[in-house]
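Each remark here refers to the structure printed beneath this line.
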Ligand code: HEC
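Structure representation (structure tokens):
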């Protein structure tokens, strides 16, 4: 039970951090952010594909993404583990705010990525 409480508190706090309506409700029309399932293959990869791979795919990372690749699991795992993925999408100080020049991810997408990291950033 104790194990469950901390992530839940974290999600609530993360959910309140950005307060624009669009950011609060990641899935337009539903008003619901489902962080119960956070698989790399079905949740994380699609978010990265939509918002990050224009600059961080294997083929363009060197020219557009500062050499940082976020296409394959092994590369994403590196940035999940070293905190830079979380720091950059949360626009935390000390990190480069991502997506670069493109606002922020919805708070729901941020919550999903953070939940995946909290669960160990598995290749699932
Ligand atoms: C328009 C191009 C562009 C897009 C889109 C973009 N990035 Fe980046 N990203 C960069 C560049 C260039 C750098 C390296 C220079 C810098 O830090 O600004 C970078 C750096 C990073 C870093 C390292 C930051 C740090 O402070 O160590 C991470 C992590 C990252 N990006 C993740 C993402 C994620 C996740 C997304 C999608 C939500 C994303 N980026 C979208 C261009 C982009």
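Residue numbers (my numbering): 201 to 324.
Backbone N, C-alpha and C define an ideal beta-carbon position, used for all residues, glycine too.
Would you check whether the ligand HEC has a heavy atom nearer than 7 Å to the C-beta of residue i?
{"i": "residue 301", "result": "yes"}
{"i": "residue 256", "result": "yes"}
{"i": "residue 248", "result": "yes"}
{"i": "residue 311", "result": "no"}
{"i": "residue 262", "result": "no"}
{"i": "residue 322", "result": "no"}
{"i": "residue 279", "result": "yes"}
{"i": "residue 231", "result": "no"}
{"i": "residue 244", "result": "no"}
Whole runs of the alpha helix (DSSP H) within the stretch 262-312, excluding any shorter than 4 residues: Every unbroken stretch of the alpha helix (DSSP H) spanning 4 or more residues and falling wholly within the stretch 262-312 is given here in chain order: 273-281 and 284-289.
Alpha helix (DSSP H) runs contained entirely in the stretch 227-251, provided each spans 4 or more residues: 245-251
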